[in-house]
Every structure is written in C-alpha cells, then in structure tokens.
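Colleague: For the sequence shown, my numbering assigns the number 354 to the initial residue and increments by one for each residue that follows.
Beta carbons are placed, not taken as given, at the ideal position from N, Cα and C, and that holds for glycine.
All figures in this text were calculated on a predicted structure; none of them were measured in a lab.
Got a structure for you, written out below as structure tokens; questions coming shortly.
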Amino acid sequence: MKRIISTTVILTLLTTWAFSQKFTQTVRGTVIDNDNKLPLIGVIVTLPASNPQVAAATDVNGNFRLEKVPVGRISLQLNYVGYDGLTLSNIEVNSGKEVVLEITMKESIIKIDDVVVKAYRKKGEAINDMALLSSKSISTEQTKRYTGGMEDPARVVSSFAGVTSSPDGSSDIIVRGNSPKYMQWRLDGIEIPSPYHMDDQNASMGALTALNNNLLSTSDFYTGAFSSEYGNVLSNVMDVKLRSGNNEKMEATCGIGILGTDLTLEGPFKKGYGGSYLINYRYSTVSLMKKIGLVDVDGVVNYQDATFKVLLPTKKVGTFSFFGLGGLSGFSMDNIKLGAFTTPGSPAENANVIKDYDKSAFLANFGINHTLTVNNNSFVKTSLSYSGNGFDDDIYSAELIKTYDNEGVLSGDSAINRHQSFESRVMNSAIRGAISYSNKINAKNKIQVGIKYTLNHFDYNQNIYNNQSAAMINVTDFRKSGGLLNSYINWKSSINDKITLVAGLHSMNVLINNKYTLEPRIAVNWKLGNTGSVHAGYGKHSTMESVHNYFTKIQQPDGTTTEPNKNLGLLKSDHFVVGYEKRFGTNLLAKVEAYYQNLYNLPVENLDTSYYATINEGIDYRYVALVNKGIGKNYGVEFTLERFFDDNYYFLINATLYDSKYKSLEGIWRNTQYNSRYLVNLLCGKEFKNIGHKQNKTLAVNAKVFLGGGKKYIPLLRDAQGNVSVDPSHNKFWDYKKAYDNKLDNIYYVNLSVSYKINRSHATHEIFVDMMNLTNNQARLSEYYDESKQGKVGYLKQMYFIPNIMYRIYF
C-alpha cells in the first residue's frame, strides 16, 4: 500500500512538473543610430505583455539582454529621448535558439521639451529610408510563412502586387510586365549576378536560388522609380541582407527535406568579443539519395551551395564584414520530348525531334564591407567584391521515326540523324569597388554620395545548328573586358512633419562602348492625418542589354561574318508612380498604386518586317542585327489589402490590372510575352499555439490562391480553315505575324502548407509540408507541332503538383 501511495505521489509530482514547465529563451540585440551607425546608450527595451514587467537598457555598446522570455511570439517596445519610438511585433522565440536582433532607430524631427512625439515604424516598409514608394520589406517570417515560397525570397515576392513568376516552374521574377533579365540582385548592399541554380544568360531554368532562409535578415524589394543609388536596372531590385551570427553562443540548425539537406553553424570567435561567424552548406537531397542507391531517377538536378558571413567589429577602425555565396549545379537528361522540358538555343517547335541535354553551372560571390563612423552625424561605407558565374550547355538532337505494323498500329519509334544542335560555353566575372558617404546634416536633412566601379570580363563561345548548311554555326565567340562607372547623390528632406522629399541624380558610364547617361530621380510622401498618405515619384532608368547581343556574329551570304551590334546603346525608361496608403491601426493596410513606364531606345531587329525585340528574350535566343529604335510602355494599377501577422493570423489580398506592349520597326504595337493583363493573390494563415499536454507545440496552416492571365505566345502556322500548316522540311513553324497576340489558358493554382513545431528544453523541432499547385492545374502556355496528336498540336503546360517536405532541428 505504501508503495502504491509513493508511486502515486511521484507520478503526480512529475505530471505537475511537466504541465508547469515553462520553456524560455534569451532575447538580446544591439541598437544603433540609423544615420551615423553609432551605438545608442540608454535605450529602454520593454516586453509589453510581461508581468512583472521585463525590461532592459542598452549599455555603452548599444547592447541589451532580456532573460527568461517565454517561447512563442513577443513584441518589443524601444524608447529613447529624441528618437522615434519603435515597436517590433511578432518576434518568434524558440527554445532551441537565442533571438539576436540588429535594430536601428531614427532621430525624431519633432520635439516638445525633449519628449518625442512617437511615430512608430510601419510594418512592411522598406529598411532603406530613401525609398518612399514602390518598395516593400521581406522578412524571414514571410519566406517561411508564404506557402509555395520554398523559403526562397525569389519565390516569396511573387505574392506581392504587380509581381509574378514563370508558370512553367522556374522562379524568374516578372515585375510590372518587364522581362526578368532586367532586374538587379544585391547581397549585403553589393551587386551580384543572378543567384539561381541552373541559370541561363537571360532567364532562370531552375526553381531555386542558392540563397538560404536560415541566413537571411529582413531584405528590401523595389519595383519602380528606384532611388538614385540603384543604376543599370530597369525592372526591379532585390536587396538581400544576411544576418550576423550569434556572437555569444554556438548554435546549429539542421534540416532534411525533399528539395535539400542543409546544416547551419554560428557562434562567437571568443568570449567577450562582438565578432561572429555564420556558415551554411546545402546539398540536393534527391541527388544524394541517387548517389547512395536509394532512388533511381533520371534527370535529377544535382546542386550544392554554401553561404557564410563573418563579422569583425573593432574599437577604432570601424566594422568589417565578409560574406560568400557559391553554388554548383547540373543535370543530364536523355530523350527529352516536347511538353516535358524546354531546352535553350531555339524555340520548342517539333515533337518529332528528341533531345539529349547536359548542363552544368556555377556561381561564386565574395565580398568585404567596411563601415566607419566619421563623427556623430556621418559614416563611410566601403566595399570590395568578386563575383563569377558560368554554364556549359550541350544539346544533341535526333529525328524520331515512328514505325507501324500491318494494321497501322504504332509499334515503336527510333531515333536517327543524331547531331549536336547547341553548344554553349559562358563565363562571366566582375570585380567591384564602391564607396559611399552618408551625412545627417540635421534631424530633417540627410545626404548620400557614392561611386562604384565595376570591371567586367566576359568569355562566350556559342554554336547553333543551321538546318540549311547542316552544320554548327558560331554565333558568339569573344573574350572581352570592360568597365562600368556608376555614381550618385541622394538628398532626403523632411520638410515638415507631413511632407518628406527624396531627390537625387544617378550617372552611368559604360566603358565597353562609351555610352553615358544622367538620370534624375525624385519622390515625395505627404501624410494625411495620422493614418493616411499619398506618394508620387519619377525616375529615369537605363540598363545594358544581355552581353551576347553586343558581340553577336551574323553570317553574310558570301560566308563572311559581321558584328553589327557593338555600338548598341542603352535601353532607357521613364518611371512615373503615384499612390495612396491608408493604415487602419498598426496591423491593417490598404494601398493603391498606379504606374507608367515609357520605354525607349529599345533594341529591336534591324528589319522593318520583324516583330523581334530583346525584351522578349528567354532561353530561345535569336542572334540578329539590332538597332535602338523600338519603344514600349508598361502601365497599370495595383491594389493591396494586407493584415500583418498578429493575434496568430494574417491575410494578404492584392490585385493588379496592367498592360505591357512594345513596337519594333514593323510599326505594330504588340503585347510582350509577359503581358498577362491581370494578377490576383489571396493568402492567409493561422497559428495554433500552446497545444499539446505540455503546451509546447505550435501548428501553422497557410494557403495561397493565385489567378492570372495566360502567357502570350507565338502560334503555329495555320491555313484559312484553321488547320496547322507547317513545313518542317524548310523549318517553317511559326506565324510571326500573330506574335504575342493571344494567350491559350488563364493560370490558377492553389498552394497549401502545414508546419508543426515542438519546443524542447534545449532544442526546437519543426516538420514542414508545402504542397504547390495542389489541384495539379495544367494550363496551356504555348504550342508546338506534334503530328501524332489531334490537330497536330501539342502544348507546353503549367508546372504540375510539387510537394516539399522538410524536417528541421534548432539547437
């Protein structure tokens, strides 16, 4: 009996302990001035919902620490005399990993007896305070929460107004009808080439970038009328930021999923020093399983990538940071048939041709940033970087011959006349050096001045099979180096507590062929009361073309070749933006923004019967003589209603109506291939926290519905009755007179994701399932000739259903 009583008591105590155990974690960080990068001493950091109240003040280095913060989601309030108050909401606290924050505060322009009139930072605003319009921040929470994002910022932004990705499954970013090749990538403020695995010279062929969400901080995304620090860009800017590693405690994160297996390590170099390291390595899970014999799948993309950041602060000579981003990828696919995959070099045209395709690619980026505070009002930032990327393509084609039995039933097929149809060897590299000076003249005025020099090196050799000569013809063969000089000046003025103005100039010198441009930029924001504002802006922007266009070789009738595009000018555009924003409390935002882009100096084929313009370039290249005599226009209106994540739920509804057209020497206004006319996104999500008998589990469900107009395409030749009328023997398939006139199907898809998180005393476990295109909708994107199908027409279709499953542990 005593034994039973003792056992009962012990079990009761254990049960009571299990139910009463509260998992906690440390939340700490550094607070600095936004303009001079100096630490702020004495900032009061408060956990509002705590009882008794949890609070701390920053020390002489701007550091604060909050101990034993309960796991879950918290908010922090920061207050400092003379500065705008700041509220940080929905910070996720897990038991397996410390929360380390890097926070900036802005000096207030309104003071009453040294008491600040608080103007809390608005959710969703860009980090760069020079961006007043067409901009948005991307948090790591969004990259995790938005279903279909694959924890990749390149995919997350497709949920924003005016933005979409290629429906064929690649993660190209298409903004306001502009070609994805006209965007610019930055990493920690330094320009880098495209970070996609399986990249191509005009577009991405892969679904993933080498960027890993475990290392990212809040980043900025700009869609038009950029501030003057951004040059050589026409469409959009993705300014990705890497976070710093934990500078007090070593931590690790390990993830295993269908798309990739990765390991992240971070920690301090020594106790008491503020420096840290952060490193990640990721490998393709499916290709790893294939190597060890667990699966046998053809055409698997083999990729691996690594990222690191090292932070080294000093007491007297500023702060140094080093970063690197690199990746290798490749695949080999045999007997590719149209409808399954599109290969580069030529358009998908004839199903009677099968292809073997081998591809390999690499990317490498290394950078150094140095920030030095000059005085209480200014700082200098210097950067030096190297970047390189390249890819090798080998495509072999063969004619597919079908055989039939005596009764006319298909008995098989065989391939004949196998030959190499495309060969590409491309390598690009760049060394960049930049310096900028920022000065806060006073609380109302700030200026930035900067200059950047880029030394590019291009090494191209490309050959395409010519049907008439039945031989490979060289279309590019060059090794060239050339410089690019960019400089800018930016001035921000808070004219009063209602009106903010940003104005500047950007200049660009292209030393490859001595082209020059001077680009004015201006933006204004006018607050209407405490919750509304209007904004407007203008910017002149220009960009270089894809470099292969400058050195294209054109074969003449006498057998000689010429390079007619060496003096090709810059594509230019005038961006106009106007918008209205209304805040309903801190969590609900309604916004409308209209834009107009006037494109000129557009490179088009130097032929008055040709539809061709470089803004439609994809992986089906054309090597033709070009002139800067085309024009274009993109205009539209974007509507957004966003409820930021709070009280365990969020939603985002946006819609875009737009038009994207161009005109070549033929004098006809045509749609660009990206002119889908409308985009609609509906996203929502809900968290169920403190579930389970220990109340240490969190379930999150997120969904997305996308609706959009179809991709414009070039149809097959047809006769007066609408029957396909192609001539394969003379390579005549396409009706160029109807180029991009119509679409085939509208696009829609439904994504659903579920995550389940378990907090333990020293680790956090997470299981994540993301189901993309849940209904497996197969919208038709374009057509090709297939004599075996009804009407002799086959279709390239929308990407099919893809599941992604991931298990991750933080410790």
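Helix, strand or coil: which one does DSSP assign to residue 727?
Modeller: Translated into positions along the sequence shown, residue 727 becomes position 374. Strand, per DSSP.
Colleague: Bridge partners of residue 1103, per DSSP?
Modeller: Numbered from 1 along the sequence shown, position 750 holds the residue referred to as residue 1103. DSSP, once it has assigned bridges, lists 1058 as partnering residue 1103.
Colleague: Here's a check: name, in chain order, each residue in its chain whose Cβ is nearer than 6 Å to the Cβ of residue 639, leaving out the five neighbours to either side.
Modeller: If you number the sequence shown from 1, residue 639 lands on position 286. So the list reads 653, once near-sequence residues are dropped.
Colleague: So, with DSSP's three-state summary, where would you put residue 1113?
Modeller: Within the sequence shown, numbered from 1, the residue matching residue 1113 stands at position 760. Note: residue 1113 maps to coil in three-state DSSP.
Colleague: Alpha carbon to alpha carbon, how far is residue 371 from residue 453?
Modeller: As a first step, residue 371 is located in the sequence shown; it is residue number 18 there, counting from the start. As a first step, residue 453 is located in the sequence shown; it is residue number 100 there, counting from the start. Bear in mind that a pLDDT of 41 at residue 371, under 50, signals an unreliable position, so the model cannot answer this.
Colleague: List the whole-angstrom C-beta distance separating residue 447 from residue 496, where the pair is believed to meet the contact cut-off of C-beta under 8 Å.
Modeller: Position 94 of the sequence shown, counting from 1, holds the residue named residue 447. Position 143 of the sequence shown, counting from 1, holds the residue named residue 496. Not really, about 16 Å apart at Cβ, beyond 8 Å.
Colleague: Among 557, 539, 548 and 400, which has the Cα closest to the Cα of residue 973?
Modeller: Reading the sequence shown from its first residue, position 620 is the one you call residue 973. Measuring from the Cα of residue 973, the nearest candidate turns out to be 557.
Colleague: At a cut of 8 Å, does the region 843-858 reach the region 869-881 through at least three beta carbon pairs?
Modeller: These segments touch.
Colleague: What does a CB cutoff of less than 6 Å around residue 1106 pick up in its chain, not counting 5 residues either side in sequence?
Modeller: Sequence index remark: in the sequence shown, residue 1106 carries index 753 (1-based). Within the same chain, residue 1106 has close Cβ partners 500, 1055 and 1123.
Colleague: Is it right to say residue 805 is buried, meaning 16 or more other beta carbons lie within 10 angstroms of its own, or is it exposed?
Modeller: If you number the sequence shown from 1, residue 805 lands on position 452. Classification for residue 805: buried.
Colleague: Indicate the three-state DSSP secondary structure (helix, strand or coil) for residue 968 in the structure shown.
Modeller: Here residue 968 is taken as the residue at index 615 of the sequence shown, counted from 1. Here residue 968 sits in helix by DSSP.
Colleague: Have a look at residue 373 and residue 608 and give me their C-alpha separation to the nearest angstrom.
Modeller: Residue 373 sits at position 20 when you count from the first residue of the sequence shown. Residue 608 sits at position 255 when you count from the first residue of the sequence shown. The pLDDT assigned to residue 373 is 43, lower than 50, so where the model puts this residue is not dependable; a value taken from the coordinates is nonetheless given after this. Their backbone Cα atoms lie some 30 Å apart in a straight line.
Colleague: Since residue 717 contacts residue 460 with CB under 8 Å, what's their CB separation in whole angstroms?
Modeller: Locating residue 717 in the sequence shown gives position 364, counting from the first residue. Locating residue 460 in the sequence shown gives position 107, counting from the first residue. About 40 Å separates the two Cβ atoms, so there is no contact after all.
Colleague: Are the beta-carbon atoms of residue 1154 and residue 605 separated by less than 9 Å?
Modeller: Stepping through the sequence shown from its first residue, residue 1154 is reached at position 801. Stepping through the sequence shown from its first residue, residue 605 is reached at position 252. Cβ atoms of residue 1154 and residue 605: not closer than 9 Å.
Colleague: Please classify residue 766 as buried or exposed, where buried requires at least 16 neighbouring CB atoms within 10 angstroms.
Modeller: Here residue 766 refers to the residue found at position 413 when the sequence shown is read from its first residue. Exposed, because fewer than 16 other Cβ atoms sit within 10 Å of the Cβ of residue 766.
Colleague: From what residue to what residue does the beta strand (DSSP E) around residue 956 run?
Modeller: Here residue 956 is taken as the residue at index 603 of the sequence shown, counted from 1. 941-958 is the extent of the beta strand (DSSP E) around residue 956.
Colleague: Return the CA-CA distance between residue 1048 and residue 568, expressed in angstroms with no decimal places.
Modeller: Residue mapping note: residue 1048 aligns to position 695 of the sequence shown, counting from 1. Residue mapping note: residue 568 aligns to position 215 of the sequence shown, counting from 1. So the two alpha carbons sit approximately 29 Å from each other.
Colleague: Assign residue 1083 to buried or exposed, taking buried as 16 or more other Cβ atoms, counted over all protein chains shown, within 10 Å of its Cβ.
Modeller: Counting from 1 along the sequence shown, the entry for residue 1083 is found at position 730. Flag for residue 1083 reads exposed.
Colleague: What are the boundary residues of the beta strand (DSSP E) that includes residue 493?
Modeller: What you label residue 493 is simply residue 140 of the sequence shown in a count that begins at 1. Note, residue 493: premise wrong, no beta strand (DSSP E); alpha helix (DSSP H) at 493-498.
Colleague: Short check: CB of residue 987 to CB of residue 1093, under 9 Å?
Modeller: What you label residue 987 is simply residue 634 of the sequence shown in a count that begins at 1. What you label residue 1093 is simply residue 740 of the sequence shown in a count that begins at 1. Cβ atoms of residue 987 and residue 1093: not closer than 9 Å.
Colleague: Check each candidate in 792, 828 and 790 and name the one with the smallest Cα separation from residue 779.
Modeller: Counted from its first residue, the sequence shown places residue 779 at position 426. Closest by alpha carbon: 828.
Colleague: Under three-state DSSP, which class holds residue 1144?
Modeller: Counting from 1 along the sequence shown, the entry for residue 1144 is found at position 791. Looking at residue 1144 - three-state DSSP - the assignment turns out to be helix.
Colleague: Decide if residue 361 is buried, meaning its Cβ has at least 16 other Cβ atoms within 10 Å, or exposed.
Modeller: The residue labelled residue 361 in the question sits at position 8 within the sequence shown. Confidence in residue 361 is poor, its pLDDT being 41 and thus under 50, which makes the residue's placement too unreliable to answer from.
Colleague: Mind listing, in chain order, the continuous beta strand (DSSP E) runs of no fewer than 3 residues lying wholly within the region 495-555?
Modeller: Runs found: 516-518, 526-528, 537-540 and 543-545.
Colleague: Could you give the DSSP three-state label for residue 1046: helix, strand or coil?
Modeller: Locating residue 1046 in the sequence shown gives position 693, counting from the first residue. Of the three classes helix, strand and coil, the one that applies to residue 1046 here is coil, per DSSP.
Colleague: From residue 385 to residue 591, what does the alpha carbon distance come to, in whole angstroms?
Modeller: Counting from 1 along the sequence shown, the entry for residue 385 is found at position 32. Counting from 1 along the sequence shown, the entry for residue 591 is found at position 238. Straight-line Cα distance between these residues: approximately 24 Å.
Colleague: What's the gap between the Cα of residue 534 and the Cα of residue 505?
Modeller: Here residue 534 is taken as the residue at index 181 of the sequence shown, counted from 1. Here residue 505 is taken as the residue at index 152 of the sequence shown, counted from 1. Taking the straight line from one Cα to the other gives about 18 Å.
Colleague: Consult DSSP for residue 861 and reduce its assignment to one of helix, strand or coil.
Modeller: For the purposes of this step, residue 861 is taken as the residue at position 508 of the sequence shown. Strand, per DSSP.
Colleague: When DSSP labels each residue in this structure, what does residue 489 get in the three-state scheme?
Modeller: Numbered from its first residue, the sequence shown carries residue 489 at position 136. Strand at residue 489.
Colleague: So, residue 1013 versus residue 1100, is the Cβ gap smaller than 9 Å?
Modeller: Along the sequence shown, one-based indexing puts residue 1013 at 660. Along the sequence shown, one-based indexing puts residue 1100 at 747. Not closer than 9 Å, so no.
Colleague: What did DSSP end up calling residue 855 once you bin it into helix, strand or coil?
Modeller: For the purposes of this step, residue 855 is taken as the residue at position 502 of the sequence shown. Residue 855: strand per DSSP, three-state reduction.
Colleague: Would you check if the region 953-969 and the region 929-937 touch, i.e. whether three or more CB-CB distances between them fall below 8 Å?
Modeller: With a cut-off of 8 Å, the region 953-969 and the region 929-937 do not count as touching, because too few Cβ pairs lie within range.
Colleague: Could you tell me the distance, in whole angstroms, from the CA atom of residue 703 to the CA atom of residue 835?
Modeller: By 1-based counting over the sequence shown, the position of residue 703 is 350. By 1-based counting over the sequence shown, the position of residue 835 is 482. Taking the straight line from one Cα to the other gives about 40 Å.
Colleague: For residue 1061 and residue 1033, what's the separation of their Cα atoms in angstroms?
Modeller: Here residue 1061 refers to the residue found at position 708 when the sequence shown is read from its first residue. Here residue 1033 refers to the residue found at position 680 when the sequence shown is read from its first residue. Roughly 6 Å between the two C-alpha positions.
Colleague: Quick one: what's got a C-beta closer than 7 Å to residue 1133's C-beta in the same chain, skipping five residues either side?
Modeller: Start at 1 with the first residue of the sequence shown, and residue 1133 comes out as number 780. Closer than 7 Å at Cβ, skipping near neighbours: 1097, 1098, 1148 and 1150.
Colleague: Just to confirm before moving on: does the CB-CB distance between residue 945 and residue 990 stay below 9 Å?
Modeller: Position 592 of the sequence shown holds residue 945. Position 637 of the sequence shown holds residue 990. In this structure, residue 990 lies closer than 9 Å to residue 945 by Cβ.
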